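Notes follow once the structure below has been shown.
2 protein chains.
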Amino acid sequence: MSIVEQVLSQADQQIEQSLERLFALMRIESISTDPAYKSECSAAADWLVSELQDLGFDASARKTPGHPMVVGHDHGSDNGPHVLFYGHYDVQPVDPIELWDRPPFEPGLIEGSDGRKQITGRGSSDDKGQLLTFVEACRAWKAVTGSLPVKVSILFEGEEESGSPSLDGFMQVNKDELKADIALVCDTTMWNADTPAITASLRGMMKENFTIEAASRDLHSGFYGGLARNPLHLLSRIVADLHDENGRVTIPDFYDGVPELTEAQKAEWQRLGFDQDAFLGDIGLSAPASEPGCSGLETLWARPTCEVNGLWGGYNGEGSKTVIPSRANAKFSFRLVGDQDPVAIRKAFRNFVEERLPDDCTIAYDLDDESDGLPLIVDTDQPLLKKAQEALAEEWNCEAPLIGCGGSIPIATEFKRVLDMDTLLIGFALENDRIHSPNEKYELKSFQKGIRSWVRILANLA
Amino acid sequence: MSIVEQVLSQADQQIEQSLERLFALMRIESISTDPAYKSECSAAADWLVSELQDLGFDASARKTPGHPMVVGHDHGSDNGPHVLFYGHYDVQPVDPIELWDRPPFEPGLIEGSDGRKQITGRGSSDDKGQLLTFVEACRAWKAVTGSLPVKVSILFEGEEESGSPSLDGFMQVNKDELKADIALVCDTTMWNADTPAITASLRGMMKENFTIEAASRDLHSGFYGGLARNPLHLLSRIVADLHDENGRVTIPDFYDGVPELTEAQKAEWQRLGFDQDAFLGDIGLSAPASEPGCSGLETLWARPTCEVNGLWGGYNGEGSKTVIPSRANAKFSFRLVGDQDPVAIRKAFRNFVEERLPDDCTIAYDLDDESDGLPLIVDTDQPLLKKAQEALAEEWNCEAPLIGCGGSIPIATEFKRVLDMDTLLIGFALENDRIHSPNEKYELKSFQKGIRSWVRILANLA
């Protein structure tokens, strides 16, 4: 039995214990976007530090203006590249809580409707389950050989779901410590449940939250209705105006920097055989909201969006209340591609909104550019990417295609910008993992074969 | 000293005790729109029954499918008409609770910024303070003369803020008991703080609540954004489409039955000297939302509206969440005038909304026509109205003009329809009483001179 086979066997034998460790991490309610969960975020960081130290890493939790960073180093072998593995221990809020089948922070193993075993709970997939695939792969290597086949550093952050406000400053200050030959990130999906993938492009992100205020107090809709401005009408007008009848965003110059797909790229994505009807059918939809002439994958991977993530005002309780509210609130996020500039788009968006407000109404924003993330295009010709692709093919017995991703993982652009380091985005999540939604899950197969995949990738990189 | 003067003097001497009784009623949290307050509504009804019985009324709380009706009778004098006084003991919800300066159900007397004494708390004006002006006037009559100058029946309902769902059935069943020569309603405003008024027209009401569902679950805005329909975008489009750039409602045939004002009516309202700038300035606004060419009073009293009272969906908490929600919710109310037909408008509205939904989205409504109320035009030539006008002029030393009201008091149309009885709408609220809003108040002067006004009106009607 080769060394790699021994390590794989060790990982398989220890899968129950690996799962128990994942459950322990998932029980920590590390919601980074809500200040009420600050101590839970610290607890998750401390838990990870302790695990890494047990594995022999020189690990510690580092203070930031927000939630702590976990940094660890293991000298490993002098052969091969020095890798920096990145993951995040924070999770999304859990509301609407009433739609969860089980409490979100009481993880468990259930059988899905397809008969496959699933790990359920908040963070199972995004990103606690994914980041532990790498940690458990390291554990198996250590158990069998006493060391890692390459030099490994680890960075776990706790603010990924909040737009990583502390990350840039932390990397700037700790450049020398964090710089490696390549970054590995496990926060993306496979192409499908049987086919792993390397993600070669990511959309960027720009967020905006605002409140419009009209009257100085809530008003009776009978005594004021018709004469007093209703800010919910203004907000609806603004949101409606943001898209034309073809689903295109109407903010001036919004599409500046959006590349047209090459015919070669279109053909490559065509070959992946994306089943748009099944994709939409899985979420109860049949009519795509995409621009005319854009394929499903082009829409998800290469077109920008302007999305309302939340909107509220007036009376939202039981029954009815005949009120003209004084305020209307909205939260927006934009997914960006190519060379779109979040700074320019924020400015154009605010102009767009404010042009639609009467003089006697005011607007207040509560976010700034700290949460912006640029789009990413990975260099697909680099040798380390090929080696990882080969390792994935060995484990899964099939090609690992290069895919795009509609999500945003600002870390990859930041690694390039601040540390001049390329990133390999290799994840084992599935698109139906319901991340950010009630009943988030991670396939047991993703977890187990994810660990095995990292065992092989580390071997191949060496 | 005439009898009337003795009764007025008695009312003034007892004002402290009258106020204590009002506070006791206001402490009962009788929010009719929220099922959680059902027992509080019953408690308010029982409190009123007890007060009426103490005054010698044959009074009782009557069960309905919703909250109880309070009915009381006092034979009074055989002279003059038999009057039915109507008021409502239920109140609006109190949110946003954080904007109240004091707890809404802990009433008190404070000094306003203008130096006038104000009764504060939910229901102070709408309608607990107003309805007690009549009860306390009866109390003064009884104390001085041992009887009332006319035959008086009383009807207090507990579902006015919920659209009076039980009222029609109750009146149908109890026609003979409730039928009188004229109805008196104290639920309207004065023209200003020194000028009483009789309200000669009311807008009607039609309400709609709905939920749009797109995807079967909340979605990650990165993995689905662009391809999956966002119901908040759909909802915003629907709301935005409801008005054109002139503020006119665009629902087909919406203006059917809306009368054009006569030149005489326009001139009469012109003479009232409505100060639109001051009216809007008082609520922090300067730009009217009215249709071009419509005066302020015409807009508020004689033009229909389509208003969003509440709207919500997606993530409304702290920070941000990059989600495409599965659902979007909205609550609407329409104020109707003239011969507008709520049934036809509901149908046209639903068509309007559903035409704007893709085939894979669904909509559910949670209200029906039970809350509809027709507009009201009072016969201003009736002799009893003139007598009441004279009584008001005596008390306030000025003319009591005939005004319109933008609010909806379905009871007046119902009295005409079911009991073939005209209604006099005489109230002592002010437009800045913040009814339905935080910090609702009722001027102490409104309460005291309201009681005195009813003392005089009862005398004049006899």
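One line per chain: the protein sequences are C and L, in this order. Using our numbering, read the first sequence as starting at 1 and increasing by one per residue. Using our numbering, read the second sequence as starting at 1001 and increasing by one per residue. The beta carbon of each residue, even a glycine, is placed where N, CA and C say it ideally should be. This one's a predicted model, so the numbers in the text were calculated from it and none came from an experiment.
Contact under 8 Å by Cβ, residue i with residue j
i, j, result
"Glu-395 of chain C", "Lys-449 of chain C", "yes"
"Gly-1406 of chain L", "Gly-1338 of chain L", "no"
"Lys-1321 of chain L", "His-436 of chain C", "yes"
"Gly-373 of chain C", "Ala-200 of chain C", "no"
"Ile-1198 of chain L", "Leu-1055 of chain L", "no"
"Phe-23 of chain C", "His-88 of chain C", "no"
"Leu-1184 of chain L", "Leu-1444 of chain L", "no"
"Ala-1391 of chain L", "Thr-1189 of chain L", "no"
"Asp-422 of chain C", "Asp-381 of chain C", "no"
"Lys-1416 of chain L", "Tyr-315 of chain C", "no"
"Leu-1202 of chain L", "Leu-1376 of chain L", "yes"
"Leu-384 of chain C", "Ile-251 of chain C", "no"
"Cys-41 of chain C", "Ser-50 of chain C", "no"
"Gly-72 of chain C", "Ala-59 of chain C", "yes"
"Arg-1346 of chain L", "Asp-1366 of chain L", "no"
"Leu-1285 of chain L", "Ala-228 of chain C", "yes"
"Asp-1187 of chain L", "Ile-1409 of chain L", "yes"
Residues that residue i contacts on chain L, provided the C-beta gap is smaller than 9 Å
i, result
"Pro-35 of chain C", "Glu-1318 and Gly-1319"
"Pro-438 of chain C", "Arg-1217 and Asp-1218"
"Leu-300 of chain C", "Gly-1222, Phe-1223, Tyr-1224, Gly-1225, Gly-1226 and Leu-1227"
"Glu-522 of chain C", "Examination of residue 522 of chain C is not possible in this model, given that chain C is present from 1 through 462 alone."
Where residue i meets chain A, residues with beta-carbon distance less than 8 Å
i, result
"Asp-1095 of chain L", "Here chain A cannot be found, since the structure's protein chains are C and L."
Contact set between residue i and chain C, taken where Cβ atoms lie within less than 7 Å
i, result
"Trp-1312 of chain L", "Leu-311, Trp-312 and Asn-316"
"Arg-1203 of chain L", "Gly-222"
"Ala-1214 of chain L", "Leu-285"
Whole-angstrom C-beta distance between residue j and residue i, which should lie under 8 Å
i, j, result
"Arg-1021 of chain L", "Pro-1107 of chain L", "With 8 Å as the limit, Arg-1021 of chain L and Pro-1107 of chain L do not qualify as a contact, their Cβ atoms being about 11 Å apart."
"Ile-1212 of chain L", "Pro-1231 of chain L", "5 Å"
"Asp-90 of chain C", "Glu-159 of chain C", "6 Å"
"Ala-1462 of chain L", "Val-1150 of chain L", "5 Å"
"Phe-349 of chain C", "Glu-208 of chain C", "6 Å"
"Ala-45 of chain C", "His-75 of chain C", "Rounded, the Cβ-Cβ distance is 23 Å, inconsistent with contact."
"Arg-1000 of chain L", "Pro-1104 of chain L", "This structure gives no information on residue 1000 of chain L, because the portion of chain L shown stretches from 1001 to 1462."
"Phe-1170 of chain L", "Thr-1305 of chain L", "At roughly 29 Å, the Cβ-Cβ gap does not stay under 8 Å, so Phe-1170 of chain L and Thr-1305 of chain L are not in contact."
One or two residues paired with residue i in a DSSP bridge
i, result
"Tyr-86 of chain C", "C:Leu-155 and C:Val-185"
"Ile-198 of chain C", "C:Leu-402 and C:Ile-426"
"Trp-1312 of chain L", "C:Trp-312 and L:Asn-1329"
"Met-1 of chain C", "Looking at the DSSP assignment, Met-1 of chain C forms no beta bridge with any residue, so it has no partner."
"Asp-1058 of chain L", "L:His-1073"
"Cys-1306 of chain L", "L:Phe-1334"
"Val-1091 of chain L", "L:Ile-1031"
"Gly-1450 of chain L", "Gly-1450 of chain L pairs with nothing; no bridge assigned."
"Met-190 of chain C", "Per DSSP, none; premise fails for Met-190 of chain C."
"Gly-1129 of chain L", "Partner(s): none; Gly-1129 of chain L has no beta bridge."
"Met-1205 of chain L", "L:Arg-1335 and L:Gly-1373"
"Gly-108 of chain C", "C:Thr-120"
"Gly-225 of chain C", "C:Ala-228"
"Ala-1364 of chain L", "L:Thr-1211"
"Leu-219 of chain C", "C:Ile-324"
Proximal chain L residues relative to residue i, where beta-carbon distance stays under 8 Å
i, result
"Gln-265 of chain C", "Within chain L, no residue comes near Gln-265 of chain C; the closest Cβ sits about 17 Å away, beyond 8 Å."
"Asn-230 of chain C", "Ala-1289, Glu-1307 and Val-1308"
"Ser-162 of chain C", "Gly-1319 and Ser-1320"
Contact set between residue i and chain L, taken where Cβ atoms lie within less than 7 Å
i, result
"Asn-397 of chain C", "Simply none; closest approach about 26 Å."
"Thr-322 of chain C", "Asn-1309, Ser-1333 and His-1436"
Residues that residue i contacts on chain C, provided the C-beta gap is smaller than 9 Å
i, result
"Pro-1358 of chain L", "Leu-285, Ser-286, Ala-287 and Ala-289"
"Lys-1207 of chain L", "Ser-320 and Thr-322"
"Ser-1042 of chain L", "What Ser-1042 of chain L touches in chain C: nothing, since even the nearest Cβ is about 17 Å away."
Neighbouring residues, chain C, relative to residue i (Cβ below 8 Å)
i, result
"Arg-1248 of chain L", "Here the premise fails: no neighbours, minimum Cβ distance about 11 Å."
"Glu-1475 of chain L", "This structure leaves residue 1475 of chain L out entirely; chain L is present only between 1001 and 1462."
"Gly-1296 of chain L", "Leu-227"
"Arg-1303 of chain L", "Gly-226"
Point to revise | Residues in the segment 1388 to 1416 of chain L having any Cβ partner in chain C nearer than 8 Å | key: Cys-1405, Gly-1406, Gly-1407 and Ser-1408
Review point. Which residues, taken in chain order from the segment 1085 to 1109 of chain L, show a beta carbon closer than 8 Å to some beta carbon of chain C?
Key: Answer set for the segment 1085 to 1109 of chain L: Gln-1092, Pro-1093, Asp-1095, Pro-1096 and Leu-1099.
Check your understanding: If you measure beta-carbon to beta-carbon, which residues of the segment 417 to 431 of chain C are closer than 8 Å to chain L?
Key -> Glu-431
Exercise for review: Report the residues of the segment 1230 to 1245 of chain L with a CB closer than 9 Å to any CB of chain C, ordered along the chain.
Suggested key: Asn-1230, Leu-1232, His-1233, Leu-1235, Ser-1236, Arg-1237, Ile-1238, Val-1239, Ala-1240, Asp-1241, Leu-1242 and His-1243
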